[in-house]
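**Q** Heads up: the sequence shown runs through residues 0 to 527, numbered per numbering that gives the first Met the number 0.
From the three backbone atoms N, C-alpha and C, an ideal C-beta is built for every residue, glycine too.
All figures in this text were calculated on a predicted structure; none of them were measured in a lab.
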Amino acid sequence: MSLIVVIDDRVTNRNILAKLASSLGNDVTVRAFDDAASALDWTTENTPDLIITDFKMPRLDGAEFIRAIRQRPQCFDVPVIVVTVYEDREFRYKALEAGASDFLISPVDHHEFRVRVQNLLTMRRQQEIIRRRALTLEEVLNLTNRLRTEEQRQSKEVLGLVIDAVPAMICVSDAQGQIAFVNSYQCEFFGIDAEAAVGKRVAELFGEDYGRRHQEFSVQVIDSGQAKTGLEEHLVDREGRERVFLTTKAPLNDGRGRVATVVSVSLDITDRKLGERDLRDAKERADAANDTKTEFLANTSHELRTPLNAIIGFAEMMKIELLGPIGNPRYLEYSNDILASAQHLLQIIDDMLDVSQIEAGKLELIEGRVELKKLFHDVTRLMAARAEEAQIELKTAISGKLPLLEADERKVKQILLNLVTNGLRFTPPGGSVTIGAALAETGGIRITVTDTGIGMAEQDIPIAIARFGRVHRADTHSHSGTGLGLPLAIELTKLHGGTFDISSAIGVGTSVTLLFPPSRTHRQATRA
Numbered sequence: 000m001s002l003i004v005v006i007d008d009r010v011t012n013r014n015i016l017a018k019l020a021s022s023l024g025n026d027v028t029v030r031a032f033d034d035a036a037s038a039l040d041w042t043t044e045n046t047p048d049l050i051i052t053d054f055k056m057p058r059l060d061g062a063e064f065i066r067a068i069r070q071r072p073q074c075f076d077v078p079v080i081v082v083t084v085y086e087d088r089e090f091r092y093k094a095l096e097a098g099a100s101d102f103l104i105s106p107v108d109h110h111e112f113r114v115r116v117q118n119l120l121t122m123r124r125q126q127e128i129i130r131r132r133a134l135t136l137e138e139v140l141n142l143t144n145r146l147r148t149e150e151q152r153q154s155k156e157v158l159g160l161v162i163d164a165v166p167a168m169i170c171v172s173d174a175q176g177q178i179a180f181v182n183s184y185q186c187e188f189f190g191i192d193a194e195a196a197v198g199k200r201v202a203e204l205f206g207e208d209y210g211r212r213h214q215e216f217s218v219q220v221i222d223s224g225q226a227k228t229g230l231e232e233h234l235v236d237r238e239g240r241e242r243v244f245l246t247t248k249a250p251l252n253d254g255r256g257r258v259a260t261v262v263s264v265s266l267d268i269t270d271r272k273l274g275e276r277d278l279r280d281a282k283e284r285a286d287a288a289n290d291t292k293t294e295f296l297a298n299t300s301h302e303l304r305t306p307l308n309a310i311i312g313f314a315e316m317m318k319i320e321l322l323g324p325i326g327n328p329r330y331l332e333y334s335n336d337i338l339a340s341a342q343h344l345l346q347i348i349d350d351m352l353d354v355s356q357i358e359a360g361k362l363e364l365i366e367g368r369v370e371l372k373k374l375f376h377d378v379t380r381l382m383a384a385r386a387e388e389a390q391i392e393l394k395t396a397i398s399g400k401l402p403l404l405e406a407d408e409r410k411v412k413q414i415l416l417n418l419v420t421n422g423l424r425f426t427p428p429g430g431s432v433t434i435g436a437a438l439a440e441t442g443g444i445r446i447t448v449t450d451t452g453i454g455m456a457e458q459d460i461p462i463a464i465a466r467f468g469r470v471h472r473a474d475t476h477s478h479s480g481t482g483l484g485l486p487l488a489i490e491l492t493k494l495h496g497g498t499f500d501i502s503s504a505i506g507v508g509t510s511v512t513l514l515f516p517p518s519r520t521h522r523q524a525t526r527a
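(1) Quick one: which unbroken alpha helix (DSSP H) runs of 4-plus residues sit fully inside the region 335-411? Chain order, please.
(2) Three-state secondary structure (DSSP) at residue 64?
(3) Using C-beta distances below 7 Å, list every residue in its chain close to residue 512, excluding the 5 sequence neighbours before and after it, in chain order.
(4) Please report the straight-line C-alpha distance between residue 412 and residue 371, rounded to a whole angstrom.
(5) According to the neighbour-count rule (16 or more other Cβ atoms, all chains shown, within 10 Å of its Cβ), is residue 136 buried or exposed?
(6) How many Å lie between residue 366 and residue 348 at the Cα?
(7) With burial defined as no fewer than 16 other Cβ atoms inside 10 Å of the residue's Cβ, what is the status of residue 493: buried or exposed?
(8) For chain B, find out if any of its Cβ atoms is closer than 7 Å to the Cβ of residue 125; answer yes or no.
(9) Going by the DSSP bridge assignment, what does residue 188 pair with across the sheet?
(10) What residue range does the alpha helix (DSSP H) around residue 94 cover?
(11) Apart from the five residues just before and just after residue 431, which ones in its own chain have a Cβ nearer than 8 Å to its Cβ?
(12) From the DSSP output, read off the bridge partner residues of residue 521.
(13) In three-state DSSP terms, what is residue 484?
(14) Provide the residue span of the alpha helix (DSSP H) that contains residue 206, from first to last.
(15) Could you check what DSSP says for residue 526 in three-state terms: helix, strand or coil?
(16) With respect to the alpha helix (DSSP H) encompassing residue 10, which residues constitute its N-terminal and C-terminal limits?
(17) Using 8 Å as the threshold, is the region 6-15 in touch with the region 56-68, meaning 3 or more CB pairs across them?
(18) In whole angstroms, what is the alpha-carbon distance linking residue 186 and residue 140?
(19) Is the separation between the beta-carbon of residue 94 and that of residue 81 shorter than 7 Å?
(20) My output table needs one value for residue 436: the three-state DSSP class, helix, strand or coil.
(21) Please return the same chain residues whose Cβ sits closer than 8 Å to the Cβ of residue 507, not counting the five positions on each side in sequence.
(22) At what residues does the alpha helix (DSSP H) containing residue 194 begin and finish?
(23) For residue 2, which of 234, 24, 485, 419 has the nearest alpha-carbon?
(24) Under the DSSP definition of a beta bridge, which residues are partnered with residue 51?
(25) When DSSP builds the beta bridges, which residues end up paired with residue 177?
(26) Quick one: is residue 415 buried, meaning 16 or more other Cβ sit within 10 Å of its Cβ, or exposed?
(27) How should residue 517 be labelled, buried or exposed, when 16 other C-beta atoms within 10 angstroms of its C-beta is the threshold for buried?
(28) Taking the DSSP output, what are the residues bridged to residue 30?
(29) Helix, strand or coil for residue 276, going by three-state DSSP, please let me know.
Here you go:
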C-alpha cells in the first residue's frame with residue numbers, strides 16, 4: 000500500500016492531482032491538503048511514500064516546505080514532485096536546490112504524471128526493501144556482536160574459574176615485571192587481592208628476591224621466545240612453613256607474533272620432595288641393614304666353618320677306621336650320618352657365604368681355561384653315589400669339539416653341582432639328569448642341565464629362582480633345601496657375563512640353560 004500526499008491551495012488543481020494519483024491502482028491511498036503548513040504538521044506522526052506539491056502557496060512556499068520536510072527523520076528521503084508552470088523556471092531551480100526529487104509542468108500531462116509518479120513509487124519501494132534489509136542485517140550484526148561479547152565474557156569467566164581451581168600459582172607479567180593477571184591460589188598464598196595486584200610490579204607484591212628472580216627468567220623467555228622449565232624454588236607461606244615449588248615460564252604472543260608477556264606456573268611439590276627424602280632415607284636404612292646382614296652372614300659362615308671342618312675330619316677318620324676298628328657297626332653307621340650331615344651343612348654355609356660376598360661385591364673370579372669334558376666328569380663322579388642311591392641315571396652329552404671356556408672352574412663346578420642336586424632332588428626313581436654342552440649360534444658356549452622330574456608351573460618359576468624360595472605343591476612331598484641353589488647359580492653365571500634361562504612343565508621336567516658369551520671361548524678345541 001502506497002500513501003501519496005497532494006498539496007495545492009487551488010481546489011481544482013488539488014482534485015485533479017488527487018484523482019490522477021488514485022487512478023494508479025487500488026493499492027494507492029491519497030491524502031490532500033490545501034496548504035503546506037497543514038501537511039507538514041500531519042507528517043509529524045505520518046510518513047508518506049510520495050509528496051506532490053505546488054510551489055507558490057500562501058504561508059509556506061514549495062522550497063520552504065521541502066527544506067522543512069527534509070528535516071523530519073522519517074521523511075528525509077521521501078520523493079517530492081513540485082508542480083510549476085513552464086514560465087516558473089526559477090521556482091523549479093529553488094525546489095530542486097531545496098531537495099525536490101522531480102517536477103511537473105502545469106497543466107499536467109496525465110500520462111507523464113502517471114509514469115513519473117509510478118517510477119518514484121517504485122524507487123521508494125526499492126528503498127524501503129533496501130532499508131529493511133539493512134536494518135535486518137544491522138540487527139543480525141548487533142545480535143551477533145552481543146552474542147560474541149557474551150560468549151567472550153562467559154569464556155573469560157569460565158577460564159578464570161578453571162585457572163582459580165588449579166592447585167598451582169599462575170601469574171602473567173611483562174618484561175618490566177608488571178602483573179597482568181594472578182590467580183586466587185597465588186593470592187591466597189601471599190595474602191594479596193587479585194584485582195589490586197593488576198598493574199603492580201611482581202617485586203612489590205611478592206618481595207624483592209622473588210621479583211628479581213622471576214623478572215630475570217621472564218626477560219630470558221621474552222628474548223628467546225622459549226619456555227623455561229624445572230625451576231625449583233623454596234618459599235615460605237603466611238604460616239611460616241617452607242614450601243617447595245616447581246616453576247615453568249612460557250611466552251605469550253600479543254597477536255602480532257611478538258612475545259609481550261610471560262605466564263608463570265608454580266606447582267607445589269613439597270609433598271613429593273618429602274616423599275623423595277623419606278624414600279632416600281628408607282633406602283639408606285635398608286642398605287645399612289643389608290650391609291649388616293651381609294656382614295653377619297659372612298662372619299657367621301666363617302665361624303661355623305671352623306667346627307664343621309673338625310667334625311668332618313674326625314667323621315672321615317672314623318668312617319675309614321684310621322686308628323683301628325670301631326667295634327660296634329652301629330657306631331660306623333652313625334659316623335657316616337655325621338659325615339653326610341656335616342658335609343650338607345658345610346655346603347649350605349658355603350652357599351650363604353657366596354651369597355653374602357656377591358651382595359657385598361667382594362666375590363672375585365679366579366679365572367682360567369676350563370675343559371668342559373673334564374669338568375663334567377668331575378661333577379658326575381661327585382654326584383654318582385647320590386644318583387645311584389636315588390636310582391636316577393646321570394648322563395653327559397657334549398656336542399662335537401668345544402673350545403675351552405675362560406672361567407672360574409670352581410664356580411662353574413659349583414653352578415653345575417647345585418643344578419644337578421636340584422635335578423636329583425625333584426626327579427623320581429627311574430628318571431634321568433643330563434648335563435650337556437654345545438657351541439651356540441652366537442659363538443659362545445651353551446651348557447644345559449635337564450631332568451625328567453616332576454617339573455613346575457610357569458608361575459612357580461619366579462618363586463624357585465628367588466632367594467630362599469620354595470615351591471609348595473599339594474601333589475608332591477616336601478624336599479629339603481635352603482632355596483639358595485638356583486639363585487646362587489644365577490648370580491655366579493651373571494658374574495661370568497652369561498645368561499641363565501629356566502623352562503619347566505609339570506610332569507615333564509625342568510631344563511636350565513647357561514649361555515656364556517663368545518669372549519669366554521678359546522679356539523683351541525678339546526678332544527671329543
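**A** From the atom records:
(1) 371-388
(2) helix
(3) 445, 447, 500
(4) 10 Å
(5) exposed
(6) 23 Å
(7) exposed
(8) Given the protein chain composition of this structure (a single chain), no chain B is represented.
(9) Paired residue(s): none; residue 188 is not in a bridge.
(10) 88-97
(11) 391, 392, 393, 394, 450, 451
(12) 403
(13) helix
(14) Per DSSP, residue 206 belongs to no alpha helix (DSSP H) and is neither H nor E.
(15) At residue 526, the pLDDT of 42 sits below 50, so the modelled position is not reliable; the number obtained from the coordinates is stated separately. It is coil, neither helix nor strand.
(16) 10-21
(17) yes
(18) 40 Å
(19) yes
(20) strand
(21) 451, 454
(22) 193-196
(23) 24
(24) 5, 80
(25) 200
(26) buried
(27) exposed
(28) 4
(29) helix
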